[in-house]
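Residue numbers (my numbering), protein chains in the order written: chain A, 91 to 572; chain B, 91 to 572.
There are 2 protein chains.
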Amino acid sequence: VRSDFAMDRYGICPMVQSQQKLDRALVRVQDLTPEKAEQQIWVRARIHTSRAKGKQCFLVLRHQQFTVQALLAVGDCASKQMVKFAANLTKESIIDVEAVVKKVEQKIESCSQQDVELHVERIFVISQSEARLPLQLEDAVRPEGEGDEEGRATVNQDTRLDNRVIDLRTTTSQSIFRLQSGVCQLFRDTLINKGFVEIQTPKIISAASEGGANVFTVSYFKTSAYLAQSPQLYKQMCICADFDKVFCVGPVFRAEDSNTHRHLTEFVGLDIEMAFNYHYHEVIDSITDTMVQIFKGLRDRFQTEIQTVNKQYPSEPFKFLEPTLRLEYKEAVAMLRAAGVEMGDEEDLSTPNEKLLGRLVKEKYDTDFYVLDKYPLAVRPFYTMPDPNNPKYSNSYDMFMRGEEILSGAQRVHDAQLLTERAMHHGIDLEKIKAYIDSFRYGAPPHAGGGIGLERVTMLYLGLHNVRQTSMFPRDPKRLTP
Amino acid sequence: VRSDFAMDRYGICPMVQSQQKLDRALVRVQDLTPEKAEQQIWVRARIHTSRAKGKQCFLVLRHQQFTVQALLAVGDCASKQMVKFAANLTKESIIDVEAVVKKVEQKIESCSQQDVELHVERIFVISQSEARLPLQLEDAVRPEGEGDEEGRATVNQDTRLDNRVIDLRTTTSQSIFRLQSGVCQLFRDTLINKGFVEIQTPKIISAASEGGANVFTVSYFKTSAYLAQSPQLYKQMCICADFDKVFCVGPVFRAEDSNTHRHLTEFVGLDIEMAFNYHYHEVIDSITDTMVQIFKGLRDRFQTEIQTVNKQYPSEPFKFLEPTLRLEYKEAVAMLRAAGVEMGDEEDLSTPNEKLLGRLVKEKYDTDFYVLDKYPLAVRPFYTMPDPNNPKYSNSYDMFMRGEEILSGAQRVHDAQLLTERAMHHGIDLEKIKAYIDSFRYGAPPHAGGGIGLERVTMLYLGLHNVRQTSMFPRDPKRLTP
Chain A
91 VRSDFAMDRY GICPMVQSQQ KLDRALVRVQ DLTPEKAEQQ IWVRARIHTS
141 RAKGKQCFLV LRHQQFTVQA LLAVGDCASK QMVKFAANLT KESIIDVEAV
191 VKKVEQKIES CSQQDVELHV ERIFVISQSE ARLPLQLEDA VRPEGEGDEE
241 GRATVNQDTR LDNRVIDLRT TTSQSIFRLQ SGVCQLFRDT LINKGFVEIQ
291 TPKIISAASE GGANVFTVSY FKTSAYLAQS PQLYKQMCIC ADFDKVFCVG
341 PVFRAEDSNT HRHLTEFVGL DIEMAFNYHY HEVIDSITDT MVQIFKGLRD
391 RFQTEIQTVN KQYPSEPFKF LEPTLRLEYK EAVAMLRAAG VEMGDEEDLS
441 TPNEKLLGRL VKEKYDTDFY VLDKYPLAVR PFYTMPDPNN PKYSNSYDMF
491 MRGEEILSGA QRVHDAQLLT ERAMHHGIDL EKIKAYIDSF RYGAPPHAGG
541 GIGLERVTML YLGLHNVRQT SMFPRDPKRL TP
Chain B
91 VRSDFAMDRY GICPMVQSQQ KLDRALVRVQ DLTPEKAEQQ IWVRARIHTS
141 RAKGKQCFLV LRHQQFTVQA LLAVGDCASK QMVKFAANLT KESIIDVEAV
191 VKKVEQKIES CSQQDVELHV ERIFVISQSE ARLPLQLEDA VRPEGEGDEE
241 GRATVNQDTR LDNRVIDLRT TTSQSIFRLQ SGVCQLFRDT LINKGFVEIQ
291 TPKIISAASE GGANVFTVSY FKTSAYLAQS PQLYKQMCIC ADFDKVFCVG
341 PVFRAEDSNT HRHLTEFVGL DIEMAFNYHY HEVIDSITDT MVQIFKGLRD
391 RFQTEIQTVN KQYPSEPFKF LEPTLRLEYK EAVAMLRAAG VEMGDEEDLS
441 TPNEKLLGRL VKEKYDTDFY VLDKYPLAVR PFYTMPDPNN PKYSNSYDMF
491 MRGEEILSGA QRVHDAQLLT ERAMHHGIDL EKIKAYIDSF RYGAPPHAGG
541 GIGLERVTML YLGLHNVRQT SMFPRDPKRL TP
């Protein structure tokens, strides 16, 4: 047996159990640029691909959205055995390599780090992947059209979701969820700058206050409880408690047995409620400005992520106006009728009509974001304030992105007597909403608000077509795992 | 009947239904300072107190934590009828007043705005309160000791919570929840600056993965599901999906039938998970630095709120060290034994012993915040990484504020084989945690994390004694409302 002169330079590390505090800096893949040329460095990354060729082994190393080429060649540093060891490592394994950064003559088009490669001198496995992956990352990022045309594999949605831990490693997923984190941050930062206070509302509630349909039941010790369909009643109580401007970010539960591209049984609500002085348009203006700040922030800070997603799912850049376009429901009905749609004045918008309206508005006003104001009273919840000038309409509004609803909101009834009348008109059991109505008996400021679906905002901003792409671990009537 | 020359200057407004966009600026109570002297302004506020005295009526107007004195006197602007109207307004009603700001000779000690008062010229009711309040705000902010000594009323906890909308209006509650909003903001801002990504994890889960006890059951269409006891498994999946550093803020559910001062069945978890290079102390350092940034931010930005809460609930300022004190479990056991406590090496800390330890640490090190590291393996969950040097201990830690636990965390087992062994050792059904274990089969970085209870942080920072004071709408085995 010939001895291996490089035997200390490669191998499988014992499981990292915090045995020692190693004084070793690890350079991130994204930081591997020509400025580091000729430096000896350590990198931790996954094996994205591996290809042996004679006495050489080419690896692509990946960390998050970033990739770099690495080379091992039999020579002073590496033995035959070492190159073979590297060539046999399973894809997705995590390794530590010591390497010299080298500038390359020709750009490496297949990697994010195109101007350098790594000449590997040591290679150790930190965590080994099983050889057979449930899906291939290169299949999972292939544009759908390209897959069809060239007869190459793409990955269907259920396979993705069943193996979400792998699917989330793709450049597309990394970008979607980094951008979604940005939506939350921009939403909150904008509101905190406007003087809003963040609140936390309970998700387990004693009564299904908003009518009672579509609500999940929970066993609660010796009794039953429900999962909140929205934080709205609690937001309103905070307004009655003088917090004036509040927001919350949290899960919302809907027991709707509908399997559409835009419904989930659990999603994240970005909720706002705000006392106003004289007119609920003060609140609309605050919300639309918040949305505009989000759109601008995404455009300015997440351009890399947007472009990465567009490679797999091409879409037009998201357009918006300042100030935001506000149309009245009546005008929308007129536009739809002019386009051949037959509908009544007080009829709700169907999903296809919403989408058609989105196209008409885009043509006429060149915006992907607008507010539809003054919905018919009949199609809104009991706590919606009627229009003072026309009892068939109401002080309520929806907001749309690319023709799909992302927010529903209204001025709320802040008068206990009118609220009681409206609840009775809707046939709601007054006993069940007593605590809610009583909140308005001790002085309540006029107020309005709305709830935004986070996953929809991310989906529609990026021009994606299924809300499951923007929920890390989506829940629908047929999916409870992982 | 004598006509009333001032009849246009007072009255009850029609309900604000957004009838008009009134071009009227409203000045906030907190902005009423001597710089505004002699200005004619409009203010919206609640009637905090009202006192008639001959031809005059003294009101205290309140908005959030701020109060100002207002005066109506029979004269050129106000008629007898108008002063009587004002004197009869119910406490907590919301009014708009037009008034001239006047500097006062002597500070008004009973108001937050001590240097000015308002001379009211018009007064209109925006929203009337019922005359009988379920609790009096002045009783609700009275320090408990003072109430006892002087035989004055205080408000017990159930009355407060049953009438939370009123109780939340007190200066103490306003301050507690503004500070709590600040805790969330500081937590997130610090982590985002450190490169963390915010994630959203599902609350409805298919299997009670962490053992199965203390979990709420949900009816989910034709099957059953559970409410997540923590986002931990999902945080870990995100680490396996290369997000590297993640956090989330959201509800956590525990079906524990325990009615203590520090347990809720639903609370807000501030959760962190982070891949590390070689030693889990990298993660401890990140978490303790985050806590220190929170403590500093609260101290620097929320001094008014802290002092307001201290008026009702006196406490010592919160003390912390930089860097944070880290003790090993063994040392804690030795300190407790030296103080006369009898306990075994691998025995868990009881609540009284935790508190005693907190006092001993405070005496010795002068800090209210510290980390206890290296817990006995036997008292930690199955996914806790064993200590590489001593199999009776583990790479796990708790963090304490004023002697009470606010965070529990550990290095997690990131190796599927060891995880399987540990789960079997704990008698856990492997079938139920298959998806979780499988997450580690395709390369997993070493990682650690922890979960923080938001309500406990707020409670202990402010030196309060019941977690229900820092939960807006607390849930415990006996309370599901409001």
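Glycine included, C-beta positions come from ideal geometry on N, C-alpha and C.
Since this is a predicted model, take the numbers as computed values, not measurements.
Spatial neighbours of residue i in its chain, beta-carbon cut-off 7 angstroms, leaving aside the 5 residues before and after
i	result
T548/B	I266, L269, Q270, V273 and T560
A513/A	F472, L520 and I523
T441/A	none
R391/B	G272
V245/B	L225, D229 and A230
Same chain, Cβ closer than 6 angstroms to residue i, five either side skipped, listed in chain order
i	result
P321/B	T291, C338 and D361
A345/A	N304, V305 and F306
I184/B	R136, I216 and S217
C147/A	L162, V173, A176 and A177
I295/A	Y316 and A318
F459/A	F410 and M491
K170/A	V164
Y455/A	L415
Q130/B	V190
Option nearest residue i by Cα separation, candidates the options
i	options	result
F385/A	R134/A, L550/A, M562/A and L151/A	L550/A
I102/A	A115/A, Q218/A and H351/A	Q218/A
K335/B	T280/B, M364/B, P233/B and F410/B	M364/B
L86/A	T123/A, E444/A, R259/A and S93/A	Residue 86/A lies beyond the residue range present for chain A, which begins at 91 and ends at 572; the question has no answer from this structure.
H353/A	P104/A, V557/A, K568/A and V231/A	V557/A
G434/A	Y403/A, L446/A, K420/A and L447/A	K420/A
L112/A	H369/B, E125/B, A243/B and K126/B	H369/B
A429/A	L552/A, Q110/A, E453/A and R99/A	E453/A
L323/A	S309/A, Y310/A, A297/A and H138/A	A297/A
S376/B	D463/B, L439/B and T280/B	T280/B
V206/A	K145/A, K126/A, T244/A and Q130/A	K126/A
H138/A	L149/A, F333/A, G144/A and N349/A	L149/A
Q264/B	L227/B, I329/B, R278/B and K325/B	L227/B
H371/A	F343/A, M327/A, T262/A and Y487/A	Y487/A
K325/B	T261/B, H504/B, A115/B and R569/B	H504/B
L570/A	L552/B, S314/B and S140/B	S314/B
L554/B	L497/B, A422/B, Y403/B and F214/B	Y403/B
T380/B	F277/B, L151/B and A230/B	F277/B
Near the ligand HEM: residue i beta-carbon under 6 angstroms from a heavy atom
i	result
T378/A	With respect to small molecules bound, the structure shown includes none, and the ligand HEM cannot be examined in it.
Same chain, Cβ closer than 8 angstroms to residue i, five either side skipped, listed in chain order
i	result
E444/B	F490, G493, E494 and E495
E128/B	V190, V191 and K192
P224/B	T249, D252, N253 and I256
K482/A	D435, E436, P466, L467 and A468
K197/B	Q204 and D205
Cβ-based burial, residue i [other Cβ within 10 Å; buried from 16]
i	result
N253/A	buried
K193/A	exposed
D186/B	buried
N485/A	buried
M97/A	exposed
E412/A	exposed
T350/A	exposed
G241/B	exposed
S108/A	buried
Beta-carbon separation (whole angstroms), residue i vs residue j, contact threshold 8 angstroms
i	j	result
F410/A	V451/A	Not really, about 12 angstroms apart at Cβ, beyond 8 angstroms.
V119/B	V106/B	With 8 angstroms as the limit, V119/B and V106/B do not qualify as a contact, their Cβ atoms being about 19 angstroms apart.
L544/A	A331/B	So it is not a contact: roughly 19 angstroms between Cβ atoms.
L447/A	L415/A	Contact flag wrong, Cβ pair sits at about 12 angstroms.
D566/A	T394/A	The Cβ separation is near 31 angstroms, so there is no contact.
- Is the segment 512-525 of chain B close to the segment 482-492 of chain B, with three or more CB pairs under 8 angstroms? A contact between stretches requires three or more CB pairs, one per stretch, nearer than 8 angstroms, and the segment 512-525 of chain B fails this requirement with the segment 482-492 of chain B.
- Query: Is the number of C-beta pairs between the segment 197-213 of chain A and the segment 154-170 of chain A that are closer than 8 angstroms three or more?
  - Reply: The segment 197-213 of chain A, when compared against the segment 154-170 of chain A, does touch it at the 8 angstroms Cβ threshold.
- Message: Taking 8 angstroms as the cut-off, does the segment 399-418 of chain B touch the segment 534-545 of chain B (at least 3 CB pairs, one atom from each stretch)?
- Response: Contact check between the segment 534-545 of chain B and the segment 399-418 of chain B: fewer than three CB pairs, one atom from each, fall below 8 angstroms, which does not count as touching.
- Answer yes if the segment 524-534 of chain B comes into contact with the segment 217-234 of chain A, meaning at least three C-beta pairs across the two stretches below 8 angstroms, and no otherwise. Remark: three or more beta-carbon pairs, one from each stretch, lie closer than 8 angstroms, so the segment 217-234 of chain A and the segment 524-534 of chain B are flagged as touching.
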